[in-house]
Structures are given as structure tokens and as C-alpha cells.
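Report on the following structure.
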Amino acid sequence: MEWGKEQLERSVITTSWGGGDIEVHDYKTTGVTWAAQTRCKNWNALWTSCDVFTIQFNTAHHHTDFQWLTMGCHEFGHTADLGHRKASNDTDNNSCMRSTTAAHYKFDKHDLNAIKAGT
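If you number the sequence shown the way UniProt numbering does, the last residue is 119 and the count never jumps.
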């Protein structure tokens, strides 16, 4: 969680504790394939954007510290409206927005530019 927050703060987005815009929880459930997910908890009045995100880490899955680190970066990226990246659109192969746990652990320049363009 801390790492994901630090990565998000590398962008034009600033975060602070206690604001309620991003809630992070450990969640333990079996029988599901996801190890981490981001969902919108509260939509704005016009249903055009999310006011409060919830990130859940499924602790029923056993991962290395590095894999949890990459998932933290990845899930916080979704709160900044970043989508999944594939090898075909991650040509320098260094974005945490890749959809595998073997991905890198930081936002790359493309990710940071996309966040900046969306603000």
C-alpha cells in the first residue's frame, strides 16, 4: 500500500491520509482468482467519475513481497484511471500496469504522462 501511494505521488496527483478518496483493505477470501482489485465505492452525483475508490488485497493468496509491491503500484494506478498494459503497448517493458505479478514495480514515463493528460 505504501509503495503504491508513493508511486501515485510521483505523478501530478497528490494524496493524503484521512481524505477517504482511496480506501485500502486486506481481504481474505478463497475461491476467487484475484489477488488484488480496485473498485469504485462512491460515484459522483452525475455518475461520470469515482469519488471514493476501494483497493482490496486478497491475503488468501500467497505472494512474495515483490509481487505484493507490484500489485500495490498496479492497483493505485487504477485509481488514477490507468488501464492494463500488455507487451504490445509497454515497449520498454517497465510498467507496473502490466497485468501479471512478474511486472515491474513503478509507473513508467508513459504512465505518468497518461495521468498528467487526464487531469
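All C-beta atoms in this analysis are idealised placements derived from N, C-alpha and C, irrespective of residue type, glycine included. All values reported here derive from a predicted model rather than from experimental measurement.
* To do: Starting from ASN113, trace the alpha helix (DSSP H) both ways and give me its first and last residue.
  => 109-118
* Asked: Are ASP108 and ASN94 close, meaning C-beta to C-beta below 8 Å?
  -> yes
* To do: Tell me the start and end of each unbroken alpha helix (DSSP H) in the region 10-91 that is at least 4 residues and wholly inside, in chain order.
  => 65-79
* Asked: When you compare only the Cα positions, how much space is there between THR70 and THR38?
  -> 14 Å
* Asked: For GLY31, which option in GLN67, GLU6, THR59 and THR48 has the closest C-alpha, if you only look at C-alpha atoms?
  -> THR59
* Residues in its own chain within less than 6 Å of TYR105 by CB, not counting five upstream and five downstream? -> LEU69, THR70, CYS73 and CYS96
* How should PHE66 be labelled, buried or exposed, when 16 other C-beta atoms within 10 angstroms of its C-beta is the threshold for buried? -> exposed
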